[in-house]
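Each remark here refers to the structure printed beneath this line.
Structure below.
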């Protein structure tokens, strides 16, 4: 039997997106999207995040058999955002459209912002102003119940429900505030990403972390730029064109990890001379200069470097002793007719082999 959420995804028509008002707002939205995805990755969830489809981001809790779907409407503002503004700008209408399209399943629509959400008495005729400033996900109904007087809660709910086509959708509206700021969201995401990736491998350096960040956001940007309006929607195709999963982040991580050269030559030198007992035939200063040139050359010739690394990765090094590991790898590469003729290998084979062992 086809999953109900997938069935509804296959018939829901995506709305037209006008895009973010400014480049900074668009960048902020991408980083918020990345942060939400990262939190799911940390939880080891088998999720799918649909980017800029039906809403700014849509989260399915399970790729194969989702039991819940969450829609995020992400807005940034230098000033507070009022509930009247949410209504007049049709943001509430967009949120309800998704809830209407996913009746009968576990669906939530979340308004996520970096500002406070204000409930002004002037427009709502309440006894006082109310302000939502929490950094926690909160059901709108519960917030009003805990914060407002019964009379004011009734007035606000009446205003909101009068702008819904189905008042029962009110029960699935949520509000939340992010600590990310428009001024510093890139650094905030990079910090979160750093904490997570260094738990996986503490040898990842700053340059690699920045490269992973760039790859992560670039992937999300490409998903945003992908227009998806086929005559017939297919879930598998939708995941491919608009979806992001844990495997996408790990692919970026592993690609960068295999390509990036550690910045600190001292670490590489110490590893080679102490752990591998390898003897260089040049002095330290000359080696450091050569190492820098190698890093630049390898980055400019990534396809060639990947070919060499892929060949090394096929070698069974588990049976090798540390003392002969370098020699074993060198002999395999040097006996390969293609690789042995590559300029990258002939000039920099020492660094290629030592760095590979260092990362393994």
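In my numbering, the protein residues as written are 349 to 708.
Glycine included, each C-beta is placed from N, C-alpha and C at the ideal position.
Check whether residue i and residue j have beta carbons under 8 angstroms apart
i           : j           : result
residue 590 : residue 401 : yes
residue 692 : residue 646 : yes
residue 399 : residue 635 : no
residue 541 : residue 386 : yes
residue 505 : residue 492 : yes
residue 429 : residue 463 : yes
residue 396 : residue 593 : yes
residue 678 : residue 639 : no
residue 420 : residue 405 : yes
residue 613 : residue 657 : no
residue 619 : residue 702 : yes
residue 585 : residue 358 : no
residue 379 : residue 534 : yes
residue 472 : residue 503 : yes
Per-residue burial, residue i [other beta carbons within 10 Å of its own, 16 or more giving buried]
i           : result
residue 413 : exposed
residue 485 : exposed
residue 443 : buried
residue 477 : exposed
residue 501 : buried
residue 573 : exposed
residue 621 : exposed
residue 575 : exposed
residue 525 : buried
residue 457 : buried
residue 423 : buried
residue 335 : Limits of the chain in this structure are 349 at one end and 708 at the other, which puts residue 335 out of reach.
residue 697 : buried
residue 532 : exposed
residue 350 : exposed
residue 466 : buried
Alpha carbon of residue i to alpha carbon of residue j, nearest angstrom
i           : j           : result
residue 628 : residue 418 : 57 angstroms
residue 356 : residue 383 : 26 angstroms
residue 674 : residue 481 : 58 angstroms
residue 370 : residue 604 : The predicted position of residue 370 is uncertain, since its pLDDT is 46 and thus under 50; no value can be drawn from it.
residue 567 : residue 654 : 21 angstroms
residue 454 : residue 415 : 7 angstroms
residue 688 : residue 695 : 11 angstroms
residue 560 : residue 600 : 6 angstroms
residue 366 : residue 403 : For residue 366, the predicted model reports a pLDDT of 47, less than 50, meaning its position is unreliable; a value from the coordinates is still stated below. If I take the Cα positions, the gap works out to 11 angstroms.
residue 362 : residue 495 : 35 angstroms
residue 633 : residue 641 : 13 angstroms
residue 588 : residue 518 : 32 angstroms
residue 529 : residue 376 : 8 angstroms
residue 625 : residue 671 : 7 angstroms
residue 548 : residue 446 : 37 angstroms
residue 564 : residue 617 : 31 angstroms
residue 469 : residue 508 : 14 angstroms
residue 514 : residue 441 : 11 angstroms
residue 554 : residue 381 : 22 angstroms
residue 427 : residue 353 : 36 angstroms
residue 474 : residue 439 : 22 angstroms
residue 527 : residue 499 : 32 angstroms
residue 690 : residue 550 : 32 angstroms
residue 598 : residue 578 : 29 angstroms
residue 615 : residue 683 : 29 angstroms
residue 596 : residue 602 : 10 angstroms
residue 644 : residue 667 : 33 angstroms
residue 497 : residue 437 : 27 angstroms
residue 368 : residue 637 : With a pLDDT of 47 at residue 368, under the threshold of 50, the modelled position of that residue is not reliable, and no figure is offered here.
Identity of the residue in the options nearest residue i by Cα
i           : options            : result
residue 665 : 706, 459, 536, 489 : 706
residue 580 : 352, 353, 360      : 360
residue 388 : 524, 508, 407, 448 : 407
residue 676 : 686, 661, 690      : 661
residue 448 : 460, 659, 512, 394 : 512
residue 686 : 659, 669, 668      : 659
residue 523 : 615, 552, 488, 379 : 488
residue 390 : 618, 353, 543, 578 : 543
residue 393 : 379, 380, 411, 507 : 411
residue 516 : 595, 438, 451      : 451
residue 562 : 538, 668, 545      : 538
residue 663 : 437, 708, 644      : 708
residue 623 : 631, 630, 669      : 669
Residue i - partner residues in DSSP beta bridges
i           : result
residue 420 : 405, 458
residue 573 : DSSP lists no partner for residue 573.
residue 525 : 461
residue 466 : 430, 479
residue 516 : Answer is none; residue 516 lacks a bridge partner.
residue 360 : Bridge partners of residue 360: none, in fact.
residue 592 : 397
Near the ligand ZN: residue i beta-carbon under 7 angstroms from a heavy atom
i           : result
residue 613 : Only the bare structure without any ligand can be found here, which leaves the ligand ZN out of the picture.
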